[in-house]
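K.L.:
There are 2 protein chains.
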Amino acid sequence: MSTVLEATPPPVNGIHSIHSAAECTQSAQAVQDALYVLSGKWKLPIIVALSTGPRRFGELQRLVSGITAKVLSKELKELEMNEFAVRRVYATMPVTVEYELTAYSQSLNSIIEALRDWGIQHRARILGKSKSVD
Amino acid sequence: MSTVLEATPPPVNGIHSIHSAAECTQSAQAVQDALYVLSGKWKLPIIVALSTGPRRFGELQRLVSGITAKVLSKELKELEMNEFAVRRVYATMPVTVEYELTAYSQSLNSIIEALRDWGIQHRARILGKSKSVD
DNA sequence: GTAAGCACTATACTAAAGGATACCACTATA
DNA sequence: TATAGTGGTATCCTTTAGTATAGTGCTTAC
């Protein structure tokens, strides 16, 4: 409640338990690594769209609202490179292409859940504020 | 047709347990909300740098290696706006300015930890691959 | 009186992300 | 013949993120 100005030893837990400069740098690096592969507006939405099963290109474009073919194509390539998704081509006429999440993509679950939970409560908080301020 | 598209019973758990299109959209939105406030190269590294206690502008710039004053200034304003940090000005001569994390910033802990843990294992995985491929 | 540190701001630039539109080869339908 | 759908690519453009460099007003130290 009160603004504590002086040297308050932090109520240490979680990320705050790191202490050395080296660990700090390593943490920052790891966080940046993770954010790097998830960067951009679209990767997580695409992963979420794929989370219910394999999808074709056109389906994905309709599912992820607002994305253009060019961007979807680029993002899918990056997801493939990072081994979050696989691309399967079927020799039908015309060709059918399916994208599916890999087992490795499951390792992102805790990140996605953390982001989703936080996003939900943050949105509620913002809406609550604007109401009470207004 | 060799393509088996329908009735994929998802190997449900975690994020994969969502099922309706609406929930899917809401999840995607929440994830995007969260990523939005954490966007860019610098916000998390700055938060990590502040996690050990209040820092002055110059200290921060040295701590977050590679950041310019302009970008640091901009990022700090955004962190303030999102109520992740507070800016305190002391009427010393010349003025001293300190930045400190808020209690609300603690709510990001699970995200940061998830990103950090994932980043660490991902880096290890990449390095392992390049070694065995090399 | 000059340099260095404080916390920035201003201006100008490059690079990357993303959007808009058009197009490719192919097939099925009307 | 025209239209729509398949899975994209090519080109151009705008917006945003980030970099580089310089400068502000103030102080203390040499």
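Heads up: the protein sequence lines correspond to chains A and B, in order.
Counting in this note's numbering, the first sequence runs from 6 upward without gaps.
Counting in this note's numbering, the second sequence runs from 6 upward without gaps.
Just so you know, even glycine gets a beta-carbon here, dropped at the ideal spot from N, CA and C.
1. Sorted by chain position, which residues of the same chain lie with C-beta nearer than 7 Å to Gln66/A's C-beta, five sequence neighbours on each side aside?
2. Along the chain, which unbroken stretches of the alpha helix (DSSP H) at least 4 residues long are found entirely within the segment 31–56 of chain B?
3. Would Lys48/B be called buried (16 or more neighbouring beta carbons within 10 Å of its own) or exposed?
4. With C-beta atoms as the reference, is Arg92/B less than 9 Å away from Tyr104/B?
5. How long is the line joining the alpha carbons of Gly124/B and Glu88/B, rounded to whole angstroms?
6. Could you have a look at Ala90/B and say whether DSSP puts it in helix, strand or coil?
7. Suppose contacts are defined by Cβ-Cβ distances below 9 Å. Is Val42/B in contact with Glu83/B by that definition?
8. Run the CB neighbour count on Met57/B, radius 10 Å, all protein chains shown included, and call it buried at 16 or more, exposed below.
9. Would you tell me roughly how many angstroms separate the C-alpha atoms of Ser110/B and Arg130/A, rounded to the nearest one?
10. Under 8 Å, CB to CB, which of the residues in the segment 71–100 of chain A have a partner in chain B?
11. Is it right to say Ala54/A is buried, meaning 16 or more other beta carbons lie within 10 angstroms of its own, or is it exposed?
12. For the beta strand (DSSP E) containing Leu106/A, name the first residue and the last one.
13. Quick one: is the Cβ of Lys46/A within less than 8 Å of any heavy atom of the ligand MN?
14. 9 Å is my cut-off, CB to CB: does Asn18/B come that close to chain A?
15. Assuming Leu106/A contacts Ile52/A under a Cβ cut-off of 8 Å, what Cβ separation, rounded to an integer in Å, is found between them?
16. Checking contacts by CB at 9 Å: is Val27/A closer than that to chain B?
P.N.:
Reading off the structure:
1. Around Gln66/A: Ile72, Ala74 and Leu77.
2. Restricted to the segment 31–56 of chain B, the alpha helix (DSSP H) segments that are unbroken, complete and at least 4 residues in length are 48–55, listed in chain order.
3. Residue burial annotation: Lys48/B is buried, with at least 16 other C-beta atoms found within 10 angstroms of its C-beta.
4. In contact: Arg92/B and Tyr104/B (Cβ atoms closer than 9 Å).
5. A direct Cα-to-Cα measurement between Gly124/B and Glu88/B gives close to 26 Å.
6. Here DSSP, grouped into helix, strand and coil, assigns Ala90/B to strand.
7. Yes, they are a contact pair.
8. Reading off the sequence, residue 57/B comes out as Thr, not Met. It counts as buried.
9. Rounded to the nearest angstrom, the two C-alpha atoms are 13 Å apart.
10. Legend: CB atoms of the segment 71–100 of chain A lying less than 8 Å from CB atoms of chain B belong to residues Tyr95 and Thr97.
11. Answer is buried; the Cβ neighbour count reaches 16.
12. Here the beta strand (DSSP E) through Leu106/A covers Thr101 to Leu106.
13. Looking at this structure, you won't find the ligand MN or any other ligand, since it has none at all.
14. Residue placement at Asn18/B is flagged as unreliable, the pLDDT there being 39, under the threshold of 50; the coordinate-derived value follows with that caveat. Cβ-Cβ to chain A under 9 Å: yes for Asn18/B.
15. Confirmed, Cβ separation roughly 7 Å.
16. With the sequence shown as reference, residue 27/A is identified as Ala, and Val is not the correct amino acid for it. No - not a single Cβ of chain B is within 9 Å of the one on Ala27/A.
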